[in-house]
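These notes concern the structure reproduced below.
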Amino acid sequence: MSKLLTKSNYLLGLQCPKLLWVTKNDKQRLPEHDEITLKKFADGHILGELATKVFPEGQDIPDDNFMENLRNTKKLISKRIPLFEPAFMVDSLYSRADVLVPVGEDEWDIVEVKSATKVKDTNLHDVAFQKYVYEKAGLKIRKCFLMHINNQYVRDGEIEPSELFVQTEIGEKVKEFSEGLEARIREMKIVISNEEPECKISVSCDDPYGCPIKDECWSDVPEDSVFGFYRMRKRKCFKLYDSGVIRLTDVPEDIKLNDKQQIQRRLAFEGGAHVDKLQVKNFLDSLKYPVYYLDFETINPAIPKFDGMRPYQRIPFQFSLHIQDEEGGELRHVSFLAEGTSDPRSKFMQSLKDNLGDKGSILVYNQGFEKGVMNEGATAFPEFREWYDEDILFRIKDLWDVFRNFWYYDSGQKGSASIKAVLPVMSDLSYGDLEIGKGDLASLEYERVTYGDVGEEERLRVREALERYCELDTLAEVEIVKNLNKVIS
Ligand code: SF4
């Protein structure tokens with residue numbers, strides 16, 4: 028009996044034949060999903076449930092038992108009601124729809140639910156596969172819709188599913204993406220029934236998603252490879268790599284590189300750091316003491332949590348602030364971590380107002396984020412507008428400027444200007460020893476212990492870990508400024 032090709036198999040096969048083969052034949056090579064991915068799945072499930080409310084007469088077909096689901100679909104299809112998660116299997120192809128909606132006497136619309144705010148190519152491939160399978164199984168498909176998040180929706184009381192989601196008709200596009208589908212399915216069936224295919228690394232390794240076995244396939248790529256060029260387009264990196272230019276030191280003189288990439292190439296031979304002392308000095312001179320080293324953490328739920336909020340709007344729940352009255356002087360630390368389940372934004376803004384003083388630079392790393400969060404806070408709570416516009420905005424300085432402009436670049440940064448890449452080359456401080464060492468994990472853990480069913484001891488433990496993480500972000504800024512001062516002295 029030939030192996031089953033599911034909708035998700037088909038999407039993996041489009042990304043890479045080897046990834047498809049491993050998924051079907053050697054699953055143990057796939058690493059376990061990390062907490063962030065599991066949270067995405069859980070959020071997707073909640074959104075899917077909410078989407079079913081748009082079809083009040085609909086019936087869910089539980090998914091726990093594969094064969095049971097097929098049998099129930101067969102039974103319920105004649106009822107001509109919206110069906111959630113109905114499954115079809117034909118010619119070793121298997122697909123489940125998020126929603127099938129009956130139309131007229133004998134037609135159906137496919138509704139695919141997604142948490143994004145717009146239609147992506149992968150959604151069109153997904154629905155093209157579904158349509159093919161359902162038609163092969165004997166259904167008449169009239170139209171195809173993508174039901175995605177409406178980013179203009181503003182919560183006012185209970186969530187209104189019919190307003191939170193918007194349905195976009197994608198029939199024409201699906202037709203386009205169906206071209207050649209039959210041949211692709213044939214090829215994929217051959218792939219999964221044969222020996223493991225050889226596949227070269229390519230742009231597909233990160234498109235449309237990061238491949239789960241990238242560590243395996245990329246194990247021969249050296250640390251100082253051309254993929255570490257700062258902001259070089261992936262296609263150009265592969266063009267170099269495929270032509271045998273593997274390491275930064277392999278790059279011939281006549282290859283066109285921008286100024287930053289040339290610095291990287293030079294340091295690959297010489298080691299050490301590049302410093303534009305004048306620019307670094309100008310930046311450091313522009314800091315006015317007292318300096319307020321500031322960093323925020325946020326969550327951005329797809330389903331707005333509070334009235335007046337839009338989908339994916341940021342909710343700041345934490346900040347860390349180190350205050351230094353003079354260069355190299357003593358540090359004072361102030362922090363905010365929201366308590367309880369109510370909207371923390373007003374208290375967050377008030378605490379900033381209480382602690383940011385009325386003079387001195389406010390130093391952040393990537394100002395677009397902190398400015399955006401405060402601006403949104405001042406829009407939601409207009410009592411902070413004048414304070415933000417007149418007392419705060421002009422005091423904000425961005426430490427990221429030093430690194431993204433390559434006024435300072437160390438080969439140890441490996442082509443990244445993020446604070447996580449810069450800190451290890453400028454200081455002994457490290458995120459490695461922390462229980463929470465990444466921003467997305469901080470957001471996930473905050474949500475879990477704040478809105479989830481978690482015991483008090485666990486909640487306090489995680490909150491302590493959050494405090495340590497955010498504190499390190501601003502301590503990192505302090506250390507970087509201290510070391511930049513040393514570098515130019
Ligand atoms: S890492 Fe790249 S080459 Fe390897 S299986 Fe994944 S997509 Fe294919």
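Under the working numbering, residues 28 to 516 are what the sequence shown spells out, in order. By construction, the Cβ of each residue, glycine as well, lies at the ideal position given by its N, Cα and C atoms. The model shown is predicted, which means the values in this text are computed figures rather than measured ones.
(message) Would you call the segment 352–362 in contact with the segment 415–431, where contact means no fewer than 3 C-beta pairs closer than 8 Å?
(response) Flag = no, the segment 352–362 and the segment 415–431 do not touch.
(request) Would you mind working out which of F430, E84, R123, L468 sits nearest D90, comparing C-alpha positions? (result) R123
(message) Am I right that Y458 and L499 are in contact with their C-beta atoms under 8 Å? What's the rounded C-beta distance?
(response) 6 Å
(message) When you compare the CB of A164 with every CB in chain B, is at least one pair closer than 8 Å?
(response) Here chain B cannot be found, since the structure has a single protein chain.
(message) What does the alpha-carbon distance come out to for the pair S470 and M401?
(response) 18 Å
(request) Using only the heavy atoms of the ligand SF4, determine whether one of them is closer than 7 Å to the beta carbon of L46. (result) yes
(request) Starting from E134, follow its DSSP beta bridges and name the residues at the other end. (result) V130, K167
(request) With hydrogens ignored, establish whether the beta-carbon of S246 is closer than 7 Å to any heavy atom of the ligand SF4. (result) no
(message) Within the continuous alpha helix (DSSP H) that includes M453, where are the two ends?
(response) 446–453
(request) Just grab the DSSP bridge partners of A300 for me. (result) D437
(request) Could you tell me if the beta carbon of I240 falls within a distance shorter than 7 Å of some heavy atom in the ligand SF4? (result) yes
(request) From the DSSP output, in three-state form, read off Y121 for me. (result) strand
(message) Threshold first: 4 residues or longer. Then list the alpha helix (DSSP H) segments lying entirely within the segment 254–294, N to C.
(response) 261–269
(message) Restricting to Cα atoms, I'd like to know which of D286, V81, K30, G442 is closest to D250.
(response) Position check: residue 250 holds Glu in this sequence, whereas Asp was assumed. Taking only the C-alpha atoms, the option nearest E250 is G442.
(request) Leaving out five residues on either side along the sequence, give the residues of the same chain with a beta carbon under 7 Å from the beta carbon of F82. (result) Exclusion of the five residues before and after F82 leaves P109, V126, V128 as the residues of its chain whose Cβ lies within less than 7 Å of its Cβ.
(request) For the segment 360–370 and the segment 487–494, state whether three or more C-beta atom pairs, one from each stretch, are separated by less than 8 Å. (result) yes
(request) Tell me whether the beta-carbon of Y316 lies closer than 8 Å to the beta-carbon of N327. (result) no
(request) Indicate whether K67 and K51 have their beta-carbon atoms separated by less than 8 Å. (result) no
(message) Give me the residue from D480, N393, V476 with the minimum Cα distance to V489.
(response) V476
(message) Does the beta-carbon of I228, which I'm using as the reference point, lie nearer than 7 Å to any heavy atom of the ligand SF4?
(response) yes
(request) Report yes if the C-beta of Q440 is less than 7 Å from at least one heavy atom of the ligand SF4; otherwise report no. (result) no
(message) Among the candidates D87, D148, F254, whose CA atom is the shortest distance from the CA of P235?
(response) D148
(message) Using a 10 Å radius around the Cβ and a threshold of 16 neighbouring Cβ atoms, would you call Y320 buried or exposed?
(response) Classification for Y320: buried.
(message) the ligand SF4 and S231: does the residue's C-beta get closer than 7 Å to at least one heavy atom of that ligand?
(response) yes
(request) Using only alpha-carbon positions, find the residue among N92, P188, F111, F115 that is nearest to K101. (result) K101 has its Cα closest to that of F115, out of N92, P188, F111, F115.
(request) Give the range of the beta strand (DSSP E) segment to which R359 is assigned. (result) 358–364
(message) So, at 6 Å on beta carbons, what are the nonlocal neighbours of P188 in its own chain, with the 5 sequence-adjacent residues on each side left out?
(response) Excluding positions up to five away in sequence, the list reads L77, K80, V81.
(message) Taking DSSP's pairing of strands, which residues face Y320 in a bridge?
(response) H349, L390
(request) Could you check the C-alpha separation between K304 and R274 for me, to the nearest Å? (result) 28 Å
(message) So for V81, helix, strand or coil by DSSP?
(response) Taken through DSSP and simplified to helix, strand or coil, V81 comes out as coil.
(message) Threshold first: 4 residues or longer. Then list the alpha helix (DSSP H) segments lying entirely within the segment 181–264, N to C.
(response) 188–191, 198–205, 208–220, 241–244
(request) State the Cα-Cα distance for the pair G399 and I73, rounded to the nearest angstrom. (result) 28 Å
(request) Could you spell out where the beta strand (DSSP E) holding D425 opens and where it closes? (result) 423–425
(request) Have a look at I15 and E225 and give me their C-alpha separation to the nearest angstrom. (result) Since the first residue of the chain shown is 28 and the last is 516, residue 15 is not available in this structure.
(request) Kindly indicate which three-state DSSP category P409 falls into: helix, strand or coil? (result) helix
(message) Would H581 and L502 qualify as a contact pair, given that the criterion is a beta-carbon distance under 8 Å?
(response) This structure cannot settle anything about residue 581, because the visible part of the chain is limited to 28 through 516.
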